[in-house]
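Note sheet for the following structure.
2 protein chains.
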Amino acid sequence: MGLIVQKFGGSSVADADKIRNVARIITETYRRGHSVVAVLSAQGDTTDDLIAKAAEINPNGSKREMDMLLSTGEQISCSLCAMAIEAMGYPVISLTGWQAGVRTNSSYSNARIKRVAPERILAELDKKCIVIVTGFQGINKYDDITTLGRGGSDTSAVALAASLHADLCQIYTDVDGVYTADPRHVEGAKKLDEITFDEMLELATLGAQVLHNRSVEMAKRYNVNLEVLSSFSGNPGTKVKEVVKNVEKTHVSGVAKDKDVARLALVGLDDTPGIAFKIFSLLAKAKINVDIILQSIGRGDTKDISFTVTKSDKDEAKRLLEENKAYLGFDHIDVSDDIAKVSIVGAGMINNPGVASLMFEALYNAGININMISTSEIKVSVLVDADDADRAVQAIHNKFFSEFGGNV
Amino acid sequence: MGLIVQKFGGSSVADADKIRNVARIITETYRRGHSVVAVLSAQGDTTDDLIAKAAEINPNGSKREMDMLLSTGEQISCSLCAMAIEAMGYPVISLTGWQAGVRTNSSYSNARIKRVAPERILAELDKKCIVIVTGFQGINKYDDITTLGRGGSDTSAVALAASLHADLCQIYTDVDGVYTADPRHVEGAKKLDEITFDEMLELATLGAQVLHNRSVEMAKRYNVNLEVLSSFSGNPGTKVKEVVKNVEKTHVSGVAKDKDVARLALVGLDDTPGIAFKIFSLLAKAKINVDIILQSIGRGDTKDISFTVTKSDKDEAKRLLEENKAYLGFDHIDVSDDIAKVSIVGAGMINNPGVASLMFEALYNAGININMISTSEIKVSVLVDADDADRAVQAIHNKFFSEFGGNV
Chain A
1 MGLIVQKFGG
11 SSVADADKIR
21 NVARIITETY
31 RRGHSVVAVL
41 SAQGDTTDDL
51 IAKAAEINPN
61 GSKREMDMLL
71 STGEQISCSL
81 CAMAIEAMGY
91 PVISLTGWQA
101 GVRTNSSYSN
111 ARIKRVAPER
121 ILAELDKKCI
131 VIVTGFQGIN
141 KYDDITTLGR
151 GGSDTSAVAL
161 AASLHADLCQ
171 IYTDVDGVYT
181 ADPRHVEGAK
191 KLDEITFDEM
201 LELATLGAQV
211 LHNRSVEMAK
221 RYNVNLEVLS
231 SFSGNPGTKV
241 KEVVKNVEKT
251 HVSGVAKDKD
261 VARLALVGLD
271 DTPGIAFKIF
281 SLLAKAKINV
291 DIILQSIGRG
301 DTKDISFTVT
311 KSDKDEAKRL
321 LEENKAYLGF
331 DHIDVSDDIA
341 KVSIVGAGMI
351 NNPGVASLMF
361 EALYNAGINI
371 NMISTSEIKV
381 SVLVDADDAD
391 RAVQAIHNKF
401 FSEFGGNV
Chain B
1 MGLIVQKFGG
11 SSVADADKIR
21 NVARIITETY
31 RRGHSVVAVL
41 SAQGDTTDDL
51 IAKAAEINPN
61 GSKREMDMLL
71 STGEQISCSL
81 CAMAIEAMGY
91 PVISLTGWQA
101 GVRTNSSYSN
111 ARIKRVAPER
121 ILAELDKKCI
131 VIVTGFQGIN
141 KYDDITTLGR
151 GGSDTSAVAL
161 AASLHADLCQ
171 IYTDVDGVYT
181 ADPRHVEGAK
191 KLDEITFDEM
201 LELATLGAQV
211 LHNRSVEMAK
221 RYNVNLEVLS
231 SFSGNPGTKV
241 KEVVKNVEKT
251 HVSGVAKDKD
261 VARLALVGLD
271 DTPGIAFKIF
281 SLLAKAKINV
291 DIILQSIGRG
301 DTKDISFTVT
311 KSDKDEAKRL
321 LEENKAYLGF
331 DHIDVSDDIA
341 KVSIVGAGMI
351 NNPGVASLMF
361 EALYNAGINI
371 NMISTSEIKV
381 SVLVDADDAD
391 RAVQAIHNKF
401 FSEFGGNV
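Respectively, the protein sequence lines represent chains A and B. For the first sequence, full-length UniProt numbering gives the first residue as 1, with consecutive numbering after it. For the second sequence, full-length UniProt numbering gives the first residue as 1, with consecutive numbering after it.
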């Protein structure tokens with residue numbers, strides 16, 4: 001008997017049958033004696049349809065009005081799900097973000113949850129109601145509707161779980177859990193029973209796309225027990241926790257690929273102090289996120305600095321740097337976006353220095369050239385040619401999960 | 001320079017082009033120096049589409065959840081319209097019912113507006129913003145979303161006009177104004193320049209379907225200047241006021257037809273005191289609205305009572321009366337729904353006793369049989385066979401508006 005927050009994504013509520021399926025999962029949990037708060041995304045293509053409607057009228061509509069528009073998607077899926085649960089004979093109520101007390105900052109289209117005032121939800125749970133809450137949205141201090149941006153519904157679910165002190169936060173999706181690699185593309189990919197927050201964070205950031213990293217960060221901060229599982233299969237999923245039981249054995253938990261990467265190289269920079277600061281403070285002011293940074297050893301009186309950004313930031317970053325060419329003092333910029341980032345993640349890596357070299361060995365044996373390398377305590381990332389990415393993932397996965405029986 | 005509330009119905013915002021047209025009307029009013037609050041309905045078929053979605057999942061979904069669902073329709077049309085106005089370069093903000101301060105009672109799907117807290121709207125108007133408000137909806141004391149039922153957006157507009165002390169409330173629709181009869185069906189129907197609240201009320205109740213009677217009642221109570229006009233033609237519309245200038249001349253303002261009528265006759269009632277009270281208090285308790293009531297003169301020790309209800313209430317009324325047959329003491333119930341109500345309305349009628357007889361003469365000349373007659377100070381209604389309804393309206397219209405040059 002506990003309080004469980006369950007989150008269902010857009011593909012889980014895409015049509016009437018799927019909504020009924022979600023209603024079944026929710027009511028079965030309720031029947032087992034739990035209090036249930038369910039957080040829903042908009043149905044399948046609703047958000048895209050609404051964006052298309054807006055684009056027809058004004059391709060540059062304000063974010064404030066876009067949020068007003070898009071927030072209807074979750075209101076529709078939640079009221080429909082509530083009706084499905086009513087049809088099954090259970091007490092239920094749907095709540096919008098503002099009714100559920102989700103307060104955010106004012107960054108329309110990409111708002112951050114500041115706090116959740118849980119009084120209304122708690123009152124409904126006290127009445128033994130199942131509570132369905134719209135994901136992805138809240139209101140700011142002006143009482144205007146905001147949306148949380150990509151992965152927002154995961155974040156909504158974790159924020160509610162944290163503020164309600166839920167015993168468990170289940171993220172239902174269309175995959176069975178977190179895999180050692182993308183099971184749609186990598187042969188031999190295995191589902192993990194458990195994974196740490198930190199590993200999950202690296203995987204989310206690296207494009208594994210199971211959970212949005214904002215939601216994992218929040219779960220880690222408030223120590224929310226997370227579980228990722230399928231709304232279709234009924235199988236046990238993957239638990240995400242602070243510490244996992246078999247951490248000593250699991251040196252590598254997964255291999256991830258991210259194709260949304262572009263590399264910029266500033267060639268022939270003056271080898272003077274403070275140059276890195278100048279470059280990256282310029283980019284930070286323009287809100288361009290930089291991922292991997294690599295600085296060459298100085299040759300003569302010049303050096304090179306390379307870094308990666310998302311493909312959508314590439315042109316803006318290049319423009320900005322070229323505008324400041326005189327100030328920064330470089331020879332030319334070299335841009336490449338025909339690349340991909342392939343990474344291994346594992347909390348056990350920190351105590352096993354040989355892990356990175358095994359990865360490089362796998363790539364060498366597959367004849368794949370490495371463009372850049374970046375390492376952290378629980379992650380090793382390499383940049384490879386985009387065409388080599390899938391082969392790279394498979395080769396690395398084989399190295400760690402097949403040849404060695406799943407764990408180095 | 002004043003404050004103008006403009007309401008646009010579902011057909012006026014049905015697609016992107018029509019939304020742009022509405023945006024043009026609003027911004028032209030704003031450019032002339034007025035403060036503008038626009039109230040919008042949901043786009044064309046949105047509400048029907050949402051109802052169909054709900055029916056697929058639960059044909060008997062609670063009204064509370066239906067309101068949660070349906071209220072998204074106006075939120076979509078309002079944010080889209082705001083974006084259209086943004087594209088034209090004007091300052092604008094869209095507000096939901098709760099953001100606009102529309103507070104209602106808790107009758108989901110048919111809520112009544114209790115008050116409007118206009119602070120937010122006034123603050124936006126102070127900032128020189130055009131304000132777009134979702135019609136048809138508000139919130140109750142539990143902060144749950146309610147909808148206002150049929151004609152709700154008209155009522156929203158009038159309530160906002162009243163609470164904001166607007167100088168004018170314009171109801172934009174797909175007709176040019178209020179006509180002496182339905183111009184789609186009656187030859188020679190003429191647009192009225194002005195009409196009184198009372199006449200408009202009778203016409204709305206009688207199925208002229210230009211304005212919902214709740215909105216007219218509210219406009220009368222708070223003396224809101226109403227105007228009905230077309231969002232497509234650009235022509236002047238019909239002004240609805242407490243007193244119209246040419247009231248002495250306008251004996252009859254219009255002829256209306258209502259096919260949503262069923263007649264029940266209780267035959268062979270005991271001729272005892274209190275029998276009418278018994279019948280109609282039973283129906284009132286079941287929230288069945290009774291329109292025309294006719295009691296025959298007693299014959300021997302029995303009498304008959306006939307009355308009309310809407311077609312949707314017919315079966316429920318019959319069931320209720322038959323359940324109470326012993327208590328009421330009648331012989332049998334006679335039900336007919338193959339009938340229509342045809343009415344003439346005019347504030348000048350009260351001083352012209354000959355008006356009713358002219359109507360009867362028109363029907364006699366057209367060979368149309370009258371089943372029941374009901375009169376009030378500004379209205380005469382007759383029940384005729386459904387098949388005769390259109391001919392009846394035309395004959396009466398010819399009598400008052402053609403033979404006599406428009407006015408008796």
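Where is the CB? At the ideal position from N, CA and C, for every residue including glycine.
**OP:** In angstroms with no decimal places, state the Cα-to-Cα distance between Gly348(B) and Ser109(A).
**Re:** 58 angstroms
Subject >> Spatial distance of Asp385(A) from Val252(A) (CA atoms) >> reply: 23 angstroms
Subject >> Nearest-angstrom Cα separation, counted from Gly177(A) out to Ala286(A) >> reply: 36 angstroms
Original post:
Is it true that the CB of Leu264(A) sits closer than 9 angstroms to the CB of Val355(A)?
Top reply: no
Subject >> 6 angstroms CB neighbourhood of Ser94(A) in its chain, flanking five on each side removed >> reply: Cys78, Ser79, Ala82, Ile132
Original post:
Does Glu86(B) come within less than 9 angstroms of chain D when only Cβ atoms are used?
Top reply: Of the protein chains in the structure, A and B, none is chain D.
Original post:
beta strand (DSSP E) containing Cys169(A): first to last residue?
Top reply: 168-173
Original post:
DSSP state of Asp143(A), grouped into three classes?
Top reply: coil
Subject >> Residues that Ser79(B) contacts on chain A, provided the C-beta gap is smaller than 7 angstroms >> reply: Glu65, Met68, Leu69
Original post:
With 9 angstroms set as the bound, which would you pick, yes or no: does the beta-carbon of Asn289(A) sit closer than that to a beta-carbon of chain B?
Top reply: no
Subject >> beta strand (DSSP E) runs wholly inside the UniProt domain "ACT" (344-408) of chain A, at least 3 long, in chain order >> reply: 372-376, 379-385
**OP:** For my contact list, Asp304(A) and Leu269(A) are in at a C-beta cut-off of 8 angstroms; report their separation, rounded to the angstrom.
**Re:** 7 angstroms
Original post:
What does Ala82(B) touch in chain A if you count any residue whose Cβ is under 7 angstroms from its own?
Top reply: Glu65
Original post:
Got a sec, what are the start and stop residues for the beta strand (DSSP E) Glu227(A) sits in?
Top reply: 226-230
Original post:
Among residues of its own chain, excluding the 5 on either side of Glu86(A), which ones have a beta-carbon nearer than 8 angstroms to its beta-carbon?
Top reply: Val92
Subject >> Same chain only: Cβ atoms within 7 angstroms of Arg120(B), ignoring 5 sequence neighbours per side >> reply: Leu95, Gln99, Ala100, Gly101
Original post:
Would you call the CB atoms of Leu168(A) and Val116(A) closer than 9 angstroms?
Top reply: no
Original post:
What is the DSSP secondary structure of Gly89(A), reduced to helix, strand or coil?
Top reply: coil
Original post:
According to DSSP, is Val131(B) helix, strand or coil?
Top reply: strand
Subject >> Cβ neighbours of Phe232(A) in the same chain (closer than 7 angstroms, five flanking residues each side left out) >> reply: Asp174
Original post:
Taking the Cβ atom as the reference point for each residue, do Leu69(A) and Ile76(B) lie within a distance shorter than 9 angstroms?
Top reply: yes
Original post:
Using a Cβ-Cβ distance under 9 angstroms, would Thr29(B) count as near chain A?
Top reply: no
Subject >> Beta carbon proximity, Thr72(A) to chain B, threshold 9 angstroms >> reply: yes
**OP:** Write down the C-beta distance between Ile333(A) and Glu322(A) rounded to the nearest angstrom, noting that I regard them as a contact closer than 8 angstroms.
**Re:** 7 angstroms
Original post:
Is the CB of Gly33(A) under 9 angstroms away from at least one CB in chain B?
Top reply: no
**OP:** Could you pull out every residue in the same chain whose Cβ sits closer than 6 angstroms to the Cβ of Val224(B), ignoring the five residues on either side in sequence?
**Re:** Val158, Ala161, Ala162, Cys169
**OP:** Give the residues of chain A in contact with Asp48(B), contact being defined as C-beta atoms less than 9 angstroms apart.
**Re:** By Cβ distance, chain A contributes nothing, its closest Cβ being about 14 angstroms from Asp48(B), past 9 angstroms.
Original post:
Span of the beta strand (DSSP E) holding Gly48(A)?
Top reply: Here residue 48(A) is Asp; the residue named in the question, Gly, does not match the sequence. No beta strand (DSSP E) holds Asp48(A); the alpha helix (DSSP H) holding it covers 46-57.
**OP:** Measure the alpha-carbon distance for Gly10(A) versus Leu358(A) and round it to whole angstroms.
**Re:** 39 angstroms
Original post:
With 16 as the cutoff for other CB atoms within 10 Å, does Asn60(B) come out buried or exposed?
Top reply: exposed
Original post:
Can you find a CB in chain A that lies within less than 9 angstroms of the CB of Arg20(B)?
Top reply: yes
Original post:
Alpha carbon to alpha carbon, what distance is there between Ile293(B) and Met372(B)?
Top reply: 9 angstroms
Subject >> Alpha-carbon to alpha-carbon, Asn235(A) and Lys399(A) >> reply: 27 angstroms
Original post:
To the nearest whole angstrom, what separates the beta carbons of Leu266(A) and Phe197(A), a pair I think is in contact under 8 angstroms?
Top reply: The Cβ separation is near 35 angstroms, so there is no contact.
Subject >> the stretch 17-31 of chain B / the stretch 39-51 of chain A touching (three or more Cβ pairs under 8 angstroms) >> reply: no
Subject >> Cutoff 9 angstroms: Glu187(B) Cβ touching any chain A Cβ >> reply: no
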